[in-house]
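Written out below as structure tokens is the structure these notes cover.
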Amino acid sequence: MTPIQLAIAGVGKIVYDQHAPAIAGNADFKLVATASRNHRIEGVTAYKSMTEMLGSGTAIEAISLCMPPQYRYEAAREALEAGKHVFLEKPPGATLSEVESLKQLAAKKGVTLFASWHSRHAPAVQVVKRHLQEHAPRQVKVIWREDVRHWHPDQEWIWQPGGLGVFDPGINALSIVTEILPQAMFLKQATLEVPSNRQTPIAARLGFTDALGTDVQADFDWRQTGEQTWDIVIETDSTRVHLKKGGHELWINDAPCELPVEGEYPSLYAHFCKLVRSGSSDVDVAPLRHVADAFMLGEHVVTDAFV
Ligand code: NAP
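According to this note's numbering, the stretch in the sequence shown is residues -2 to 304, in order.
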């Protein structure tokens, strides 16, 4: 089969770290162009904007949108209007309603829209999902603590409205939990700590439940120095399940489990290929909806300025 002619818009950290190598390693895609104001990928035709790229006549079938979420909707709309399949980095938008608008547009144009959640492609996730279908979860503890200075240096957008703050990594944990739990959960209470000089939270504690009364607690914190923690611990009716390192390690009853080796982004692009080739879309907003609920229901506490 001929490879899908792919472009990337919004070239930055995640493109250099993950998208470019995953695409280079996948024969189903050929990277033919980028659209980015200041950045480019060596050896790939570069345009400054989506409009310039779409008007260039370059044959493009699909576009991955990797700019910060606040600036993604216009680019996505332009790409879909031009009949291109679209891959959205997480989170899929700055609001739920704009994602709904894109979903409707993709359906109208008959093209694929993929709202990607890379953490759902971590190797432990599908293993745990199957385990929880046989062992009812009773209690879930999510601990997602990292050092914002290390992971997000100079990313001002993350502190601005729509940038999500600590929910930028926290939504990855929510994308895993919403994938593996057999029942849909909903938020009961939340506390968001917002630095006095910023617009988005630096820490959040969330309490969810579901129709069966499962207790789900999440602790997101960006002030962790030293060892970083991306753990989910699940007590089921008869087992203890421990996902470590964002789902890259799995322990059940304190014994390590063998996991598949495929990386998150290679798996994301394999899935995107299947969607494009089968003419379908995959747009699950559940993780973003929980974040929106947290901003709506949560107590906002002002904390120390972040410099
Ligand atoms: P980034 O490097 O700060 O931004 C990506 C690129 O977007 C920038 O290099 C910039 O390229 C473009 N951009 C920035 N502001 C823009 C604006 N106002 N309008 C249009 N384009 C703009 O961010 P990132 O870390 O790659 O993250 C991008 C997305 O990927 C986010 O949604 C993030 O949650 C997600 N993600 C990030 C990571 C990670 O580890 N960093 C992991 C997984 C997912 P130009 O200056 O060339 O236009």
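Each residue gets a CB set at the ideal place from its N, CA and C atoms; glycine is no exception.
Since we're looking at a predicted model, the values are computed, not measured.
Sub-9 Å separation of residue i and residue j beta-carbons
i    : j    : result
E58  : Q2   : yes
D228 : R237 : no
I155 : S116 : no
A370 : A291 : Because the chain here runs from -2 to 304, residue 370 falls outside it and cannot be looked at.
A104 : S278 : yes
A283 : A181 : yes
A302 : L93  : no
P65  : Q196 : no
K81  : L51  : yes
A215 : L294 : no
E95  : C63  : no
D234 : H118 : no
Q15  : Y262 : yes
F205 : L184 : yes
Delimiting residues of the alpha helix (DSSP H) encompassing residue i
i    : result
T175 : F164 to I177
S61  : Where S61 is concerned, there is no enclosing alpha helix (DSSP H), although the beta strand (DSSP E) it sits in stretches over A59 to L62.
V12  : No alpha helix (DSSP H) holds V12; DSSP gives it neither H nor E.
T48  : M47 to G52
K100 : L93 to K106
F269 : E261 to S275
W248 : That residue, W248, is in no alpha helix (DSSP H); its beta strand (DSSP E) goes E246 to I249.
H147 : V145 to W148
V258 : Per DSSP, V258 belongs to no alpha helix (DSSP H) and is neither H nor E.
L359 : Residue 359 is absent from the model: the chain starts at -2 and stops at 304.
Coil, strand or helix - residue i by DSSP
i    : result
V282 : coil
Q180 : coil
Q225 : coil
Q325 : Because the chain in this structure spans residues -2 to 304, residue 325 falls outside the shown range and cannot be described.
G204 : strand
V298 : strand
E39  : coil
L189 : strand
E78  : helix
A56  : coil
V230 : strand
I1   : strand
A69  : This sequence places Arg at residue 69; Ala is not what is there. R69 falls in the helix class under three-state DSSP.
P253 : strand
R195 : coil
Contact test: residue i Cβ vs the ligand NAP heavy atom, cutoff 8 Å
i    : result
Y68  : yes
V83  : no
Q15  : yes
V145 : no
I173 : no
Q152 : yes
R34  : yes
M64  : yes
I60  : no
K242 : no
E86  : yes
D165 : yes
W141 : no
H118 : no
G7   : yes
I38  : no
I231 : no
I20  : no
W148 : yes
A124 : It should be pointed out that residue 124 corresponds to Val in this sequence rather than to Ala. No.
V325 : No statement about residue 325 is possible, as the shown extent of the chain runs from -2 to 304 and does not include it.
H245 : no
Limits of the unbroken beta strand (DSSP E) element including residue i
i    : result
W141 : P134 to R142
R237 : R237 to K241
H82  : H82 to L85
L110 : L110 to A112
V29  : F26 to A32
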